[in-house]
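Going by this note's numbering, the first residue of the sequence shown is number 23, and it counts up by one from there.
For glycine and all other residues, C-beta sits at the position ideal for the given N, C-alpha and C.
What follows is one structure encoded as structure tokens, with my remarks underneath.
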Amino acid sequence: MSSEPENGGELLHGGKFIELRQTTGDRPWEFANRPNAKGVVAVLAVTDDKRVVLTEQFRPPVEKNVIELPAGLAGDIPLQEDEPLETAARRELKEETGYEAKSWKPLGDTPTSAGLSTEVVTFFYATGLTRVSDGGGDSSEDIKVHIVHQSDIPKWCNDRRAEGKLIDFKIYAALYLAKSKSHETIGRLWY
Numbered sequence: 023m024s025s026e027p028e029n030g031g032e033l034l035h036g037g038k039f040i041e042l043r044q045t046t047g048d049r050p051w052e053f054a055n056r057p058n059a060k061g062v063v064a065v066l067a068v069t070d071d072k073r074v075v076l077t078e079q080f081r082p083p084v085e086k087n088v089i090e091l092p093a094g095l096a097g098d099i100p101l102q103e104d105e106p107l108e109t110a111a112r113r114e115l116k117e118e119t120g121y122e123a124k125s126w127k128p129l130g131d132t133p134t135s136a137g138l139s140t141e142v143v144t145f146f147y148a149t150g151l152t153r154v155s156d157g158g159g160d161s162s163e164d165i166k167v168h169i170v171h172q173s174d175i176p177k178w179c180n181d182r183r184a185e186g187k188l189i190d191f192k193i194y195a196a197l198y199l200a201k202s203k204s205h206e207t208i209g210r211l212w213y
């Protein structure tokens, strides 16, 4: 994600936060790019008593509330375009949930939708949490915070799905990455 993707391509449409581009050459491909950010971060934040911090907010593209990890853009603030990914993760955790964390570990990164977008999300594992504010996001967001015990996540997510909410795949990915990296056993995965 950058103002000019490596595969460049022709700018078909430029919006405030997203642009549509098309590669040139033998295999033209349309894709979305975020011109105003250098990356995306997502945080698997776990309290000392093994509760996972999740967020919920209405997402206009899918017209539903979505259960997610605390997450956001890195390098999207004017004059902070070179913001380190961990700094962005710390900022987003506090802004969205009101938590700060003492310990931060990178879990890895992955494209969010490689056939559609240049977006790559970097996961962080945050522990040693302290609640310092209510969270809820910035003035343009209306974020609800959920604290769910790790052993209850499969059922809790299924119950939210039954209510018509969507569950962001990054929750499952972060839990898997945390378990596979052996930072801590997060709980029984549901596969």
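Item, Value
"The stretch 151-160 / the stretch 184-198 touching (three or more Cβ pairs under 8 Å)", "no"
"Rounded separation between Ala96 and Lys177 - CA only", "32 Å"
"According to DSSP, residues forming a beta bridge with Trp126", "Ala148"
"Leu76 versus Glu32 - alpha carbon distance", "38 Å"
"Buried versus exposed call for Leu66 [16 or more other C-beta atoms within 10 Å across all chains shown]", "buried"
"Under the three-state DSSP convention, the category Lys203 falls into", "coil"
"Cross-strand partners of Tyr121 (DSSP beta bridge)", "Arg153"
"Beta carbon of Phe39 nearer than 8 Å to that of Leu138", "no"
"Backbone secondary structure at Lys86 - three-state DSSP", "strand"
"Beta-carbon proximity of Arg56 to Glu108, cut-off 8 Å", "no"
"Beta carbon of Thr149 nearer than 8 Å to that of Pro128", "no"
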